[in-house]
């Protein structure tokens, strides 16, 4: 998931917002400036956020994305699974995103106004 520079620890940035309202405005400006129409959130990223919690720099962006505050809605969810998966992942949700075990999923978020932008 590509996110604004302010969320990335390895990118120098000067405009790190202070308040939740500032973060929301910052994210919306980034979405408009980059004409973001679709966001693909991989399960391994989402589970990484759940392990670290809101301390993870991108967790807040994912939360605002999921709850609709950024103007996106969940359009599709794709997941792989296998019969004994609950036994494998019960102790640690991060294991749900392990590629080597073949467990992966995606959430596809689209902009609420994306369909209005498509020509008939």
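In our numbering, the protein residues as written are 26 to 145.
Note that beta-carbon positions come from the ideal geometry of N, C-alpha and C, so glycine has one too.
All values reported here derive from a predicted model rather than from experimental measurement.
Cα-Cα separation between residue i and residue j, rounded to whole angstroms
{"i": "residue 55", "j": "residue 135", "result": "15 angstroms"}
{"i": "residue 93", "j": "residue 115", "result": "29 angstroms"}
{"i": "residue 43", "j": "residue 50", "result": "11 angstroms"}
{"i": "residue 98", "j": "residue 117", "result": "27 angstroms"}
{"i": "residue 76", "j": "residue 69", "result": "11 angstroms"}
{"i": "residue 45", "j": "residue 131", "result": "26 angstroms"}
{"i": "residue 62", "j": "residue 102", "result": "17 angstroms"}
{"i": "residue 48", "j": "residue 137", "result": "20 angstroms"}
{"i": "residue 144", "j": "residue 106", "result": "Its pLDDT being 49, under 50, residue 144 is placed unreliably by the model, and the measurement read from it follows with that caveat. Whole-angstrom Cα-Cα distance: 37 angstroms."}
{"i": "residue 133", "j": "residue 109", "result": "26 angstroms"}
CB contact flag (residue i, residue j, <8 angstroms)
{"i": "residue 84", "j": "residue 74", "result": "yes"}
Three-state secondary structure assigned by DSSP to residue i
{"i": "residue 63", "result": "strand"}
{"i": "residue 83", "result": "coil"}
{"i": "residue 42", "result": "coil"}
{"i": "residue 69", "result": "helix"}
{"i": "residue 47", "result": "helix"}
{"i": "residue 52", "result": "helix"}
Beta bridge counterpart(s) of residue i as assigned by DSSP
{"i": "residue 104", "result": "130"}
{"i": "residue 97", "result": "136"}
8 angstroms contact criterion, which residue i and residue j should meet: CB distance rounded
{"i": "residue 87", "j": "residue 71", "result": "7 angstroms"}
{"i": "residue 64", "j": "residue 90", "result": "6 angstroms"}
{"i": "residue 112", "j": "residue 53", "result": "Contact flag wrong, Cβ pair sits at about 42 angstroms."}
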